[in-house]
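Numbering (the UniProt record's numbering), first residue to last: 9 to 291.
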Ligand code: 5FU
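Laid out in structure tokens, this is it:
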């Protein structure tokens, strides 16, 4: 039977992964299934957006390699905010290399992702060794991994048998490190299996917008209602729909005004995501 009809709270005991449990607990405490994708290129902007949305989100998603003035102080501040404001950090790194290389990319380099990001993600293109490589760093730190089983962008190659293979690999991961998928629906429930077939996974879903259906560069948007109620996804990931006001001419001239709009949009998406969830579980 589908875990989609169960409340977030009731699903917590089914997860052994500490980061997955942390996320479900945050969602339940804050009554928010909203992740904000903060794709801005300076430390100051990143922290300003996070502060503006912090109250309304269960998760902040980063692309840390786009920050021009990155330093470890940024991740220290982000970590402090994650504790103070109660949200999970997800570095959307999309690892895609052999196990040995990804273990180094995850633990080391400039960004030391494993030291501050509760959850990260990976493509399965290199095979299951990528999971083992990341797990060799992440498990001891209590981190979690999402496999990119599907993508939101037009013409992406991750459909069909590829997604099914991601589901199999997640079920076969005996370390418990893999705790969910980036996907467009409850992909594991479309791909049943006798081995670990009942195991619950989190579905985090980008490509969410209330006002537009695309960005002219391949992104495709669906509404929170479609994603959460109809398709049964667990977390909506919203980027420009929330921080977009900062990118306009007006927003650059008057960042304080733009940040108020960022906060308003976060409230709007939070409400839409939670209403869709309540309808889904029949609350
Ligand atoms: F895996 C994926 C995917 O399939 N689609 C995505 O859009 C990740 N993303 C990310 O979500 C993308 O890299 C952005 O960081 C974010 C979506 O941002 P938007 O501004 O809401 O389009």
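Note that beta-carbon positions come from the ideal geometry of N, C-alpha and C, so glycine has one too.
In the DSSP assignment, residue 29 falls outside any beta strand (DSSP E) and lies within the alpha helix (DSSP H) extending over 26 to 38. Rounded to the nearest angstrom, the Cβ distance from residue 229 to residue 250 is 12 Å, too far for a contact under 8 Å.
Taking C-alpha positions only, residue 260 is separated from residue 54 by approximately 14 Å.
Residue pairing of residue 99 in beta bridges, as defined by DSSP: 70, 128.
Taking the CA atoms as reference points, residue 103 sits about 4 Å from residue 130.
Relative to the ligand 5FU, the beta carbon of residue 156 is positioned inside 7 Å of a heavy atom. Counting only runs of at least 4 residues, the segment 187 to 222 fully encloses the following alpha helix (DSSP H) elements, listed from N- to C-terminal order: 195 to 198. Under DSSP, residue 276 forms no beta bridge with any residue. Cβ neighbours of residue 209 within its own chain (closer than 7 Å, five residues either side excluded): 178, 187, 188, 189, 196. When rounded, the separation of the alpha-carbon atoms in residue 35 and residue 42 is 8 Å. Looking from the CA of residue 192, the closest CA among 238, 181, 224 belongs to 238.
Residue 214 and residue 159 have their alpha carbons spaced roughly 8 Å apart.
One thing to note: residue 258 has its Cβ no nearer than 8 Å to the Cβ of residue 161.
Residues of the same chain with a CB within less than 6 Å of the CB of residue 23, apart from the 5 flanking positions on each side, are 29 in chain order.
Using a 10 angstroms sphere on the CB of residue 231, the tally of other CB atoms reaches 16 or more, which defines it as buried. Judged by beta-carbon spacing, residue 242 lies within the 8 Å limit of residue 211, meaning their Cβ atoms are closer than that value. When only Cα atoms are considered, residue 234 and residue 12 end up about 14 Å apart. Non-local C-beta neighbours of residue 166 in its own chain, meaning closer than 6 Å and more than five positions away in sequence, comprise 158, 159, ordered along the chain. Here the alpha carbon of residue 184 sits roughly 6 Å from the alpha carbon of residue 25. Counting only residues of its own chain and dropping the five nearest sequence neighbours on each side, residue 38 has a CB closer than 7 Å to the CB of 66, 94. Along the length of the segment 241 to 278, whole beta strand (DSSP E) runs at least 3 residues long occupy 243 to 246, reported in chain order. Taking the C-beta atoms as reference points, residue 141 is found nearer than 8 Å to residue 107. According to the DSSP assignment, residue 12 belongs to no beta strand (DSSP E), since it is labelled neither H nor E. In terms of CA proximity to residue 155, 170 leads the group 279, 112, 216, 170. In terms of side-chain proximity, the C-beta atom of residue 120 is found no nearer than 7 Å to any non-hydrogen atom of the ligand 5FU.
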